[in-house]
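*Asks:*
There are 2 protein chains.
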Amino acid sequence: MSAAHAPVSSSTAVKDAFPATDAEAFTQHLATLRRQVEAAMDASLADRPDIVANVPPSLRESMRYSALGGGKRLRPVLVLLACEACGTPVAQSMPAAVALEMIHCYSLIHDDLPAMDDDDLRRGRPTNHIVYGEATAILAGDGLLTRAFEVLATEIPSKDVALACVADLASAAGWCGMVGGQAADLAAETTPITTLAELEQIHHRKTGRLLACALTMGGRIGGASALQLAALSRYGFAIGLAFQIADDLLDVEGTSEKLGKQTQKDAGAGKATYPGFLGVEASRQRAADLVAQACGELELFGPQGEWLAHLSRFIIERDH
Amino acid sequence: MSAAHAPVSSSTAVKDAFPATDAEAFTQHLATLRRQVEAAMDASLADRPDIVANVPPSLRESMRYSALGGGKRLRPVLVLLACEACGTPVAQSMPAAVALEMIHCYSLIHDDLPAMDDDDLRRGRPTNHIVYGEATAILAGDGLLTRAFEVLATEIPSKDVALACVADLASAAGWCGMVGGQAADLAAETTPITTLAELEQIHHRKTGRLLACALTMGGRIGGASALQLAALSRYGFAIGLAFQIADDLLDVEGTSEKLGKQTQKDAGAGKATYPGFLGVEASRQRAADLVAQACGELELFGPQGEWLAHLSRFIIERDH
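Chains as they are written, first to last, in the numbering used here: chain F, 2 to 321; chain R, 2 to 321.
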């Protein structure tokens with residue numbers, strides 16, 4: 002797992018560290034999982050007769066617009082890979098993957114609202130409220146958030162596991178997790194963040210909790226032991242932070258064409274970032290260290306943890 | 002249960018139909034349950050050290066402002082009374098009562114937003130976004146919605162019952178239920194409602210589903226049989242509609258002083274209402290018929306259903 006220590010700014014470095022076949026196999030596996038997630042999201046928001054009879058078309062279309070709008074599908078893929086790392090077929094964890102992605106999609110809709118980040122563009126497309134109006138966008142977010150818990154409660158075969166997943170997701174997405182992190186981010190607009198510890202604490206809640214939850218839910222469904230669950234959770238927090246650092250680096254270095262959203266926005270808004278605190282090179286090193294740490298957590302899974310190791314490296318190579 | 006057929010516009014009529022002691026005992030019981038709900042809501046959003054460490058003060062205060070802002074507490078009281086009707090102590094159903102009320106409170110915060118109903122006043126106090134700003138109000142709603150599922154998943158002793166309650170609540174509050182009803186209500190602003198059936202369908206989703214869910218969750222926790230659960234659900238739908246008719250009548254007849262919110266707003270906005278379709282007298286009769294029907298559903302519960310019968314009559318006597 003020494004490849005995690007390679008310079009993370011060049012995709013060549015990572016590719017060299019693995020046999021080409023491994024990298025290709027991973028890329029293929031990732032593409033397969035993403036297609037499966039896309040199909041499952043579609044099915045979970047499908048126009049069945051009972052849905053058409055009860056859900057106004059504007060709300061249905063608005064929910065589907067944001068839930069099926071592509072994107073990296075990182076969170077649901079993590080659920081599936083965690084399940085697979087335990088030796089369990091990925092299909093069993095698809096409901097949890099769908100639920101988690103619905104939470105992520107709702108949070109993007111609400112974050113983009115004029116009263117929040119006021120973004121017009123997301124994944125290269127107009128944001129939800131630009132297309133459907135603010136009122137419907139608020140309701141679409143509420144609808145996806147609520148549907149996530151419905152999917153967990155009704156589609157996971159083991160009741161004990163389903164209930165644990167509901168508790169995991171509600172905790173990770175709620176006031177002590179993602180919603181709290183978003184509120185802290187808002188508060189930072191008037192009381193600027195002055196230390197790296199504060200910045201990490203916000204990322205921990207805004208991104209880390211939900212990524213760790215992806216791993217924990219996948220692990221629970223996969224039948225992970227308590228030790229394995231704890232390791233998966235730590236892996237999630239480590240890659241969550243690495244992901245955020247990579248995001249900050251992309252904002253400094255990327256272009257809006259590649260990202261499908263506005264870049265250099267953070268610096269322009271005077272927002273605290275990793276490169277702002279540490280500089281670009283040290284930020285890259287910190288991301289690489291976190292990936293190494295994440296890979297270290299996978300020892301309990303043996304060869305079955307290899308996809309997750311690949312994914313952690315992929316996360317800081319996102320500009321492709 | 003003939004009192005349900007008495008004219009519902011005069012509280013004297015209903016009081017005459019029951020021994021004064023019954024009415025007093027009910028009023029006392031209701032006050033006790035409301036106090037218990039208030040205390041449980043407070044405890045569930047309390048400033049514990051782990052909350053203070055993770056939830057920014059603005060979000061915490063905003064969530065508490067709307068969740069502890071008084072109100073009738075009709076929905077949580079229904080949960081408790083349904084549990085009690087099955088011969089089970091009300092305390093066991095308090096987590097479900099709290100969760101349901103959190104859903105109701107979140108929906109009010111989001112409904113009041115400028116992009117939605119744009120209300121400045123709720124329960125005689127400034128609405129959440131007037132006090133905390135729109136961004137925090139959106140997050141407070143999201144936080145309460147998510148916390149509701151956390152409470153259900155972690156505080157109901159029986160895992161089977163807890164999971165069934167999560168499924169009930171997510172279905173009742175989601176795109177096919179409350180959120181869908183709200184979207185249909187929005188759509189009616191541009192495509193006006195022309196039939197009573199359409200109006201009832203919107204109320205069914207916007208109010209009825211959540212009230213029926215209150216009864217079903219309380220019944221589940223109380224150990225209701227399948228027949229009893231179905232009866233409780235029908236009772237919930239009947240009083241939900243009666244409640245909405247009473248609300249429409251209050252809007253025609255009430256004053257903003259009594260209600261703590263603007264009245265005669267519906268007619269002014271050209272909104273479809275029961276009195277608009279049926280006239281005032283026929284609307285009163287329909288409400289009374291629905292209460293009679295609701296009381297009829299309580300036969301399976303014997304004397305233990307008496308508090309629910311009282312409550313159904315109380316609902317259409319809300320102007321006191």
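For every residue, glycine included, the Cβ atom is placed at its ideal position computed from N, Cα and C.
Any beta carbon from chain R within less than 8 Å of Gly306 of chain F's own beta carbon?
*Replies:* So, not an interface residue.
*Asks:* Taking only runs of the alpha helix (DSSP H) that begin and end inside the segment 116 to 202 of chain F, which ones reach a length of at least 4 residues, in chain order?
*Replies:* Complete alpha helix (DSSP H) runs here, min 4: 129 to 133, 135 to 156, 160 to 174 and 179 to 188.
*Asks:* When you compare each of F:Pro115, F:Ala310 and F:Ala40 to Leu291 of chain F by their alpha carbons, which one comes out closest?
*Replies:* It is F:Ala310.
*Asks:* Tell me the residue span of the alpha helix (DSSP H) that contains Gly1 of chain R.
*Replies:* No information on residue 1 of chain R is available, as it lies outside the stretch 2 to 321 that chain R covers here.
*Asks:* Give the single residue among F:Ala83, F:Ile317 and F:Asp118 whose Cα lies nearest to the Cα of Ile246 of chain F.
*Replies:* Taking only the C-alpha atoms, the option nearest Ile246 of chain F is F:Ile317.
*Asks:* Can you tell me whether Arg49 of chain R is buried or exposed? The criterion is at least 16 other CB atoms within 10 Å of its CB, across all chains shown.
*Replies:* With fewer than 16 other Cβ atoms within 10 Å, it is exposed.
*Asks:* What are the residues in the segment 143 to 162 of chain R lying within 7 Å of chain F by C-beta distance?
*Replies:* Per Cβ criterion, the list reads Asp143, Gly144, Leu146, Thr147, Arg148, Phe150, Glu151, Ala154, Thr155, Lys160 and Asp161.
*Asks:* Given this structure, state the Cα-to-Cα distance separating Phe27 of chain R from Met64 of chain R, to the nearest angstrom.
*Replies:* C-alpha separation (whole angstroms): 31 Å.
*Asks:* Would you mind working out which of R:Gly178, R:Leu82, R:Ala288 and R:Met95 sits nearest Leu31 of chain R, comparing C-alpha positions?
*Replies:* Taking only the C-alpha atoms, the option nearest Leu31 of chain R is R:Leu82.
*Asks:* Grouping DSSP H, G and I as helix and E and B as strand, with all else coil, what is Gly72 of chain F?
*Replies:* Note: Gly72 of chain F maps to coil in three-state DSSP.
*Asks:* Who are the neighbours of Asn55 of chain F on chain R, taking C-beta pairs under 7 Å?
*Replies:* Near Asn55 of chain F (Cβ distances below 7 Å), the residues of chain R are Cys177, Gly181 and Arg206.
*Asks:* Out of F:Ala295, F:Ala293 and F:Leu251, which one is the CA nearest neighbour of Thr274 of chain F?
*Replies:* That would be F:Leu251, whose Cα lies nearest to the Cα of Thr274 of chain F.
*Asks:* Measure the alpha-carbon distance for Ser159 of chain R versus Thr128 of chain F and round it to whole angstroms.
*Replies:* Those two C-alpha atoms are separated by around 42 Å.
*Asks:* Does DSSP classify Ile240 of chain R as helix, strand or coil?
*Replies:* Residue state, collapsed to three classes: helix.
*Asks:* My parser needs the alpha helix (DSSP H) runs of 4 or more residues fully inside the segment 22 to 91 of chain R; what are they?
*Replies:* Within the segment 22 to 91 of chain R, the complete alpha helix (DSSP H) runs of at least 4 residues are 50 to 55, 58 to 68 and 75 to 86.
*Asks:* Can you have a look at Val152 of chain R and say buried or exposed, based on whether 16 or more other CB atoms are within 10 angstroms of its CB?
*Replies:* Classification of Val152 of chain R: buried, given that the 10 Å Cβ count is 16 or more.
*Asks:* So, using beta-carbon positions, are Cys84 of chain R and Gly219 of chain R closer together than 8 Å?
*Replies:* Yes.
*Asks:* I need the straight-line Cα distance from Pro77 of chain F to Val38 of chain F, nearest angstrom please.
*Replies:* Using only the alpha carbons, I get a separation of about 7 Å.
*Asks:* Determine the contact status of Leu301 of chain R and Ala154 of chain F, defining contact as a CB-CB distance below 8 Å.
*Replies:* No, they are not a contact pair.
*Asks:* Using DSSP with H/G/I as helix, E/B as strand and the rest coil, what is Ile324 of chain F?
*Replies:* Residue 324 of chain F falls outside the range modelled here, since chain F spans only 2 to 321, and no answer is possible.
*Asks:* I need the boundaries of the alpha helix (DSSP H) containing Thr217 of chain F, first residue and last residue.
*Replies:* Run containing Thr217 of chain F: Arg210 to Gly223, per the alpha helix (DSSP H) assignment.
*Asks:* Is Leu228 of chain F buried or exposed, if buried means 16 or more other CB atoms sit within 10 Å of its CB?
*Replies:* Leu228 of chain F comes out exposed.
*Asks:* Quick one: which chain R residues come within Cβ less than 9 Å of Ile316 of chain F?
*Replies:* Those within 9 Å of Ile316 of chain F in chain R number zero; the least Cβ separation is about 25 Å.
*Asks:* Examine the Cβ distances between the segment 236 to 244 of chain F and the segment 197 to 211 of chain F and report whether three or more of them are shorter than 8 Å.
*Replies:* Cβ pair count under 8 Å is three or more, so yes.
*Asks:* Roughly how far, in whole angstroms, is the beta-carbon of Leu145 of chain R from the beta-carbon of Ala231 of chain R, given that I think they are within contact range, below 8 Å?
*Replies:* No, Leu145 of chain R and Ala231 of chain R are not in contact; Cβ-Cβ is about 30 Å, not under 8 Å.
*Asks:* Given that a residue counts as buried once 16 or more other Cβ atoms are within 10 Å of its Cβ, and exposed if not, what is Glu190 of chain R?
*Replies:* Classification of Glu190 of chain R: exposed, given that the 10 Å Cβ count is below 16.
*Asks:* Since Val180 of chain R and Leu170 of chain F are thought to touch, with beta carbons under 8 Å apart, how far apart are those beta carbons, to the nearest angstrom?
*Replies:* With a Cβ gap of about 18 Å, Val180 of chain R and Leu170 of chain F do not count as contacting.
*Asks:* Quick test of your reading: Cys87 of chain R and Gly223 of chain R, contact by CB under 8 Å. State the CB separation rounded to the nearest angstrom.
*Replies:* The Cβ separation is near 3 Å, so the contact holds.
*Asks:* Residues of chain R with CB under 7 Å from Glu135 of chain F, in chain order?
*Replies:* Ala116, listed in chain order.
*Asks:* Please say whether Ala173 of chain R and Val99 of chain R have beta carbons closer to each other than 8 Å?
*Replies:* Against a cut-off of 8 Å, the Cβ pair of Ala173 of chain R and Val99 of chain R comes out as no contact.
*Asks:* In whole angstroms, what is the alpha-carbon distance linking Ile52 of chain F and Asp43 of chain F?
*Replies:* Near 13 Å, if we compare the C-alpha coordinates of Asp43 of chain F and Ile52 of chain F.
*Asks:* On the three-state DSSP scale, how would you describe Ile317 of chain R?
*Replies:* Three-state DSSP puts Ile317 of chain R in coil, outside helix and strand.
*Asks:* Got a sec: is the Cβ-Cβ distance from Met64 of chain F to anything in chain R below 8 Å?
*Replies:* Yes, Met64 of chain F lies at the interface with chain R (some Cβ there is under 8 Å from its Cβ).
*Asks:* Against chain F, with Cβ distances strictly below 8 Å, would Ile139 of chain R count as a contact?
*Replies:* Yes, its Cβ sits closer than 8 Å to a Cβ of chain F.
*Asks:* With 16 as the cutoff for other CB atoms within 10 Å, does Gln29 of chain F come out buried or exposed?
*Replies:* Its Cβ having fewer than 16 others within 10 Å, Gln29 of chain F is exposed.
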